[in-house]
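*Asks:*
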Amino acid sequence: MQMLSEKSVSDYQELLVNASKTQDIVSNDNIMNTYCVLLWMLQHCHDIVIYSGEARLFSKKGKEKLGGILEKEAVDSLYNKVVEALKIFVEARGNKLRVICERQPSDWDKSMLGSLQKPNVSINVLKSERAPYFPYHFMVGDNQVYRRETNHGEKKGVVRFFAESCKVFREAFNSYYKDSFVKRLKLV
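To convert, count from 1 in the sequence shown and add 4; that's the working numbering.
1) Quick test of your reading: V53 and M143, contact by CB under 8 angstroms. State the CB separation rounded to the nearest angstrom.
2) Indicate the three-state DSSP secondary structure (helix, strand or coil) for I73 in the structure shown.
3) Is any non-hydrogen atom of the ligand GDP found closer than 7 angstroms to the C-beta of S56, if you look at the structure I gave you?
4) Is S126 helix, strand or coil when you go by DSSP?
5) Kindly indicate which three-state DSSP category R97 falls into: helix, strand or coil?
6) Verify whether the separation of the beta carbon atoms of R102 and G57 is less than 8 angstroms.
7) State buried or exposed for T38, treating a residue as buried only when at least 16 other CB atoms are found within 10 Å of its CB.
8) Just to confirm my understanding: we take K187, look at its own chain, exclude 5 residues before and 5 after, and list those with CB closer than 7 angstroms. What are they?
9) Look up L153 in the DSSP assignment and give the residues it is bridged to.
10) Helix, strand or coil: which one does DSSP assign to D15?
11) Does the Cβ of Y140 have 16 or more other Cβ atoms within 10 Å, making it buried, or fewer, making it exposed?
12) Helix or strand or just coil, what does DSSP make of L8?
13) Under 8 angstroms, with one C-beta from each stretch per pair, do the stretch 90 to 98 and the stretch 148 to 168 reach the 3-pair mark?
14) Taking 6 angstroms as the limit between beta carbons, can you name the residues of its chain near K91, skipping five residues before and five after?
15) Strictly by DSSP, which residues pair up with W112?
16) Would you mind working out which of D51, L46 and S24 sits nearest L61, comparing C-alpha positions?
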């Protein structure tokens with residue numbers, strides 16, 4: 005398998021910018037694409053919700069997965085942009101990041117840990133027996149963009165801008181975001 009380059013990252017980021025203007029549906033077929041969508045959300049949104057397996061986007065495991073498809077320079081560049089955008093996002097007044105994980109996350113990336121411990125960030129895990137199970141993972145930025153899996157096993161998905169579905173996913177997230185379904189994680 006040929007590794008993707010920084011040009012691949014730039015091309016996908018440009019695709020997102022264009023889609024944000026045209027409202028086209030964009031394919032989201034790998035973790036690099038998902039990091040690009042997260043970066044776009046961190047740069048353009050104020051309220052981000054994520055329903056995931058184990059919050060890999062904020063862990064060493066996520067960066068390792070990036071390394072499986074991207075050249076090292078591209079991994080470092082994209083990852084550093086996400087880390088910096090996350091810092092800026094959590095420092096901005098009124099911004100919120102809420103995450104629900106199906107499983108207890110492991111190995112938080114130390115470069116993100118400080119940002120994840122801010123008061124406007126909430127990382128939660130589903131309580132096993134009592135929580136409903138959502139069939140695929142998604143993230144929503146404000147009510148202007150969402151990324152959702154279409155094939156859970158292959159981690160493939162789609163991205164849409166300014167779709168009515170943003171509200172549907174946000175409502176689904178909020179229905180899970182209750183003390184009876186989730187418990188807040190203390191990050192260390």
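Even glycine gets a Cβ: it sits at the ideal position worked out from N, Cα and C.
*Replies:* Based on what the coordinates show:
1) Walking along the sequence shown from the start, residue 53 turns up at place 49. Walking along the sequence shown from the start, residue 143 turns up at place 139. Indeed, because the Cβ distance is near 7 angstroms, the residues count as touching under 8 angstroms.
2) Sequence index remark: in the sequence shown, residue 73 carries index 69 (1-based). I73 falls in the coil class under three-state DSSP.
3) Summarising the ligand content, the structure contains no ligands, and the ligand GDP is consequently not present.
4) If you number the sequence shown from 1, residue 126 lands on position 122. Annotated three-state conformation of S126 is strand, per DSSP.
5) Within the sequence shown, the letter at position 93 stands for residue 97. Looking at R97 - three-state DSSP - the assignment turns out to be coil, as it is neither helix nor strand.
6) Taking the sequence shown and counting its residues from 1, one reaches residue 102 at position 98. Taking the sequence shown and counting its residues from 1, one reaches residue 57 at position 53. Not closer than 8 angstroms, so no.
7) What you label residue 38 is simply residue 34 of the sequence shown in a count that begins at 1. Label assigned to T38: buried.
8) Translated into positions along the sequence shown, residue 187 becomes position 183. Same-chain partners within the cutoff: N128, V129 and K131.
9) Working through the sequence shown from its first residue, we reach residue 153 at position 149. First, the residue type needs correcting, since residue 153 is Glu and not Leu in the sequence shown. Its beta-bridge partners are G161.
10) As a first step, residue 15 is located in the sequence shown; it is residue number 11 there, counting from the start. In the three-state DSSP reduction, D15 falls in the helix class (H, G or I).
11) Residue 140 sits at position 136 when you count from the first residue of the sequence shown. Exposed is the label assigned to Y140, since fewer than 16 other Cβ atoms lie within 10 Å of its Cβ.
12) Walking along the sequence shown from the start, residue 8 turns up at place 4. L8: strand per DSSP, three-state reduction.
13) Contact fails: fewer than three Cβ-Cβ distances are below 8 angstroms.
14) Against the sequence shown, residue 91 aligns to sequence position 87. Closer than 6 angstroms at the Cβ level, and outside the excluded window around K91, lie S119.
15) For this step, residue 112 is matched to residue 108 along the sequence shown. According to DSSP, W112 shares a beta bridge with S63.
16) Stepping through the sequence shown from its first residue, residue 61 is reached at position 57. Ranking the options by Cα distance to L61, first place goes to L46.
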